[in-house]
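The structure appears right after this line, and notes come after that.
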Amino acid sequence: MTARTGDELPPLRIPITRTLIVAGALASRDYQDVHHDAEAAREKGSPDIFMNILTTNGLVGRYITDHFGPRARLRKVAIRLGAPNYPGDEMVLTGQITSVAEGTAEVAVIGKNGIGHHVTGTVTVQLPSDAPGTTDASRTDAPGAIDAPRTDAPRTATTPDTPR
Amino acid sequence: MTRDDLDVDPDELYGRLKAYEGRTAASGGTGRDPVNEPMIRHWCEAMGDTNPAYPAVAPPTMLQAWTMGGLAGHPGGSARSEAYDELLALLDDVGCTSVVATDCEQEYPRPLRPGDRVTFDAVIESVSPRKTTRLGTGYFVTTRMNVRAGDGELVGTHRFRILKYAPARPKNAPKPEPAPKPGLTADPARRPRPVINRDNAGFWEGVARHQLLIQRCLDCATPRFPWLPGCGACGSLRWEAFEASGTGTVFSYVVMHHPPFPAFDPPYAVALIELAEGVRMVSGITGVPYDKVRIGMPVELEFLRVDEELELPVFRGAEA
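Residue numbers (the working numbering), protein chains in the order written: chain H, 2 to 165; chain V, 457 to 776.
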C-alpha cells in the first residue's frame with residue numbers, strides 16, 4: 002500500500018444501533034445514563050441515548066488501522082464531536098491523507114451521520130517501516146501483503162442495513 | 457422555552473471559574489484493573505475491530521477506558537481533586553447540571569499491554585466563557601491527563617473537553633421529536649429569509665431580475681453596499697442604483713465547520729467579495745471546494761436558486 006498526500010481512504014459505514022451505543026459505553030466503562038437509558042437521556046434534553054466519545058474515538062482508531070493494517074501504530078487521535086450519534090442513524094467515516102513524512106501519515110477524518118458531522122478529527126499514524134512511501138517506493142514485493150489495500154467499495158461494519 | 461440566561465452575574469461567575477485554571481483535576485489515580493485481555497476483547501467486539509495486533513497490545517484509543525471508575529467507582533475513592541469537584545459543583549449550582557464531552561485529543565508514546573498498571577494525574581487546563589449551544593448554555597471545561605505505566609513511564613496524554621450546561625429544554629417538556637432518520641425524506645430545513653424593508657427592497661427587486669444593484673451617491677459619487685438610506689462619505693440622502701458588472705475577487709473568507717445550522721452543510725466557505733466597483737459584500741462561493749478558496753481568487757456573479765421562494769446572489773470561483 003502506498004500513502005500519499007491527498008489519498009482518500011475508502012469510506013466505512015457504521016450502522017448506529019442501540020447495541021453498538023450500549024456495548025461501546027460499557028466496554029469503555031462509561032456508565033453515564035445518557036448512553037444506555039433513553040428515559041434519562043430525554044430528561045437531560047436529548048431525544049434518545051447517544052454514542053459516548055470513547056466509542057467514537059475507538060471507531061476512528063479502528064477506521065485508520067483497518068486501512069493501514071495491523072502493523073500501523075496510532076500515535077495521536079484528536080477528535081471533536083458535533084451532531085450526536087442516535088440509534089437508527091448511520092455514520093459514514095471518510096478520511097483523507099493530509100501529509101506523509103518520516104514514515105508517519107496524518108489523516109483528516111470526518112464521520113457524517115443523518116443530521117450532520119458527528120466527528121471531525123485528525124489521526125497521526127506511524128506506517129509499517131516497509132510500507133511503500135515510507136522507504137523505497139519501488140518495492141512492490143515487500144512483505145506488506147498483510148497490509149493489502151481494502152476494496153474501494155463502502156464496507157458495512159456489521160450486518161446489512163436494516164429497515165429504519 | 458430556551459433557557460439562555462443563567463440566574464447569575466456572568467462576569468462574577470466567570471472570574472470564580474477561571475480561578476480553577478491550572479489547578480489539579482485528579483491526582484494519584486490508579487487504573488481500576490490492570491490492562492487485560494478480556495477488556496480489550498470486549499472493546500474490540502463493541503467496535504467491530506478485528507485488528508490481529510489486539511489483544512497482545514491494547515487499542516491505543518482505549519487509553520481513557522483504563523482510567524474509568526466504572527459503575528462502582530475507584531475503590532478507596534475517586535482520584536478527582538477537591539478543586540475539580542468544587543468547579544463542577546459551582547456549575548451545578550447555577551443550573552449547568554448536564555455534561556457532554558466535546559473534544560478528545562490523545563497521544564500514545566508507547567502501546568499498553570496486558571499486565572500494565574496505569575496511574576494518572578490531570579490538571580484543569582481551561583474554562584471557557586459562557587457559551588450558548590444547541591444543547592443549552594454553559595461552559596467548556598478542558599482537562600489534561602498524563603497516563604503512566606510501570607515505573608512512571610508516560611504512555612499516554614489525554615486532553616478532554618466537556619460542556620457543562622443547563623439543558624435548553626426544561627425537564628418536564630413534552631417528548632421531543634424523534635431524531636431525523638437518514639434515508640427518509642424528512643422536511644429539509646430552509647435557509648433563513650432575508651429581512652426586506654424600505655431601505656433595501658430595491659436590492660432584492662434587482663436580485664429577482666438577476667441584477668446585482670449597488671447604490672451610488674448622487675452628490676459625491678461614492679458607491680455603497682449594503683443598501684443604506686444615506687451616504688457614509690458625505691451624508692447625502694440622494695442616491696441612484698446601478699448594476700454591478702458581476703466580477704470581483706475574494707477579499708477575505710472563513711470556513712464554517714461548527715456549529716452546523718439547519719439547511720447548511722458544513723464545511724463551507726463564506727467570503728467577503730470585493731466587487732470591481734469597489735464595494736464589498738459577504739456571499740457564498742460556488743464551483744470551488746471550501747478548502748480551495750483563496751484570497752485574491754477571481755469570482756463571477758451568479759444567482760443561486762435556494763428553494764421555490766428564495767434566490768441569492770453568489771459568486772462562482774475560478775480555480776487558479
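Don't be surprised by glycine CBs; every beta carbon is placed ideally from N, CA and C.
Item, Value
"Within-8 Å CB hit, A84(H) to chain V", "yes"
"Where E130(H) meets chain V, residues with beta-carbon distance less than 9 Å", "The sequence shown places Ser at residue 130(H), rather than the Glu named in the question. Here the premise fails: no neighbours, minimum Cβ distance about 15 Å."
"Uninterrupted beta strand (DSSP E) stretches inside the segment 31-102 of chain H (no shorter than 3 residues)", "74-82, 91-102"
"Counted within 10 angstroms of its Cβ, other Cβ atoms place E515(V) as buried (16 or more) or exposed", "Note that residue 515(V) is Pro in the sequence shown, not Glu. Answer is buried; the Cβ neighbour count reaches 16."
"N- and C-terminal bounds of the beta strand (DSSP E) containing G608(V)", "Note, G608(V): premise wrong, no beta strand (DSSP E); not H, not E."
"DSSP-derived helix/strand/coil call for E730(V)", "strand"
"A557(V) beta carbon less than 8 Å from that of I496(V)", "no"
"Beta-carbon proximity check, E91(H) vs P11(H), cutoff 8 Å", "no"
"Coil, strand or helix - I17(H) by DSSP", "coil"
"Complete beta strand (DSSP E) runs within the segment 685-742 of chain V (minimum length 3 residues, chain order)", "695-699, 703-712, 724-731, 736-742"
"8 Å Cβ cutoff, L473(V) in contact with chain H", "no"
"Buried versus exposed, by CB contacts within 10 Å (16 or more), A690(V)", "The residue asked about is misnamed: residue 690(V) is Cys in this sequence, not Ala. So C690(V) counts as exposed."
"8 Å Cβ cut-off: residues of chain H touching P722(V)", "G117, H118"
"Outcome for A677(V) when other beta-carbon atoms lying within 10 angstroms are tallied against a minimum of 16", "exposed"
"Counterpart residues of A482(V) in DSSP-defined beta bridges", "R536(V), A578(V)"
"For M518(V) and L60(H), believed in contact at Cβ under 8 Å, the rounded distance", "Their Cβ separation, rounded to whole angstroms, is 12 Å, which puts L60(H) and M518(V) out of contact at 8 Å."
"CB-CB length for A109(H) against T123(H), believed under 8 Å", "6 Å"
"Straight-line gap, P511(V) to I751(V) (C-alpha atoms, nearest Å)", "50 Å"
"Pairwise C-alpha distance: T480(V) and F771(V)", "51 Å"
"Nearest candidate by alpha-carbon position, reference D572(V), set T486(V), A528(V), R536(V)", "T486(V)"
"Integer-rounded CB distance, given that V603(V) should sit under 8 Å from G612(V)", "4 Å"
"Alpha-carbon spacing of I729(V) relative to G686(V), whole angstroms", "22 Å"
"Endpoints, the alpha helix (DSSP H) within which E561(V) is located", "Taken as a continuous stretch (DSSP letters only), E561(V) belongs to no alpha helix (DSSP H), being part of the beta strand (DSSP E) at 554-563."
"Straight-line gap, A716(V) to P722(V) (C-alpha atoms, nearest Å)", "According to the sequence displayed, residue 716(V) carries Pro and not Ala. Looking at the two C-alpha atoms, the distance is approximately 6 Å."
"Segment limits, beta strand (DSSP E) that includes E767(V)", "767-773"
"Residues in the segment 85-101 of chain H having any Cβ partner in chain V nearer than 7 Å", "Y87, G89, D90, E91"
"Boundaries of the beta strand (DSSP E) in which H118(H) is found, first to last residue", "117-127"
"Limits of the unbroken alpha helix (DSSP H) element including F659(V)", "657-664"
"Pairwise C-alpha distance: D747(V) and Y470(V)", "36 Å"
"T3(H): contacting residues in chain V (beta-carbon distance under 8 Å)", "Under the 8 Å cutoff, chain V gives no residues; its nearest Cβ is about 20 Å from T3(H)."
"With 16 other Cβ atoms within 10 Å as the buried cut-off, status of R74(H)", "buried"
"Boundaries (first-last residue) of the alpha helix (DSSP H) holding C676(V)", "Where C676(V) is concerned, there is no enclosing alpha helix (DSSP H), given that its DSSP letter is neither H nor E."
"Below-8 Å beta-carbon distance, T598(V) vs any chain H residue", "no"
"Beta-carbon neighbours of P716(V), restricted to chain H and to distances below 9 Å", "G83, A84, I116, G117, H118"
"Short Cβ contact (8 Å threshold) for G688(V) with R694(V)", "no"
"Chain-order list of residues whose beta-carbon lies under 6 Å from that of N656(V) (same chain, five-residue window excluded)", "W683"
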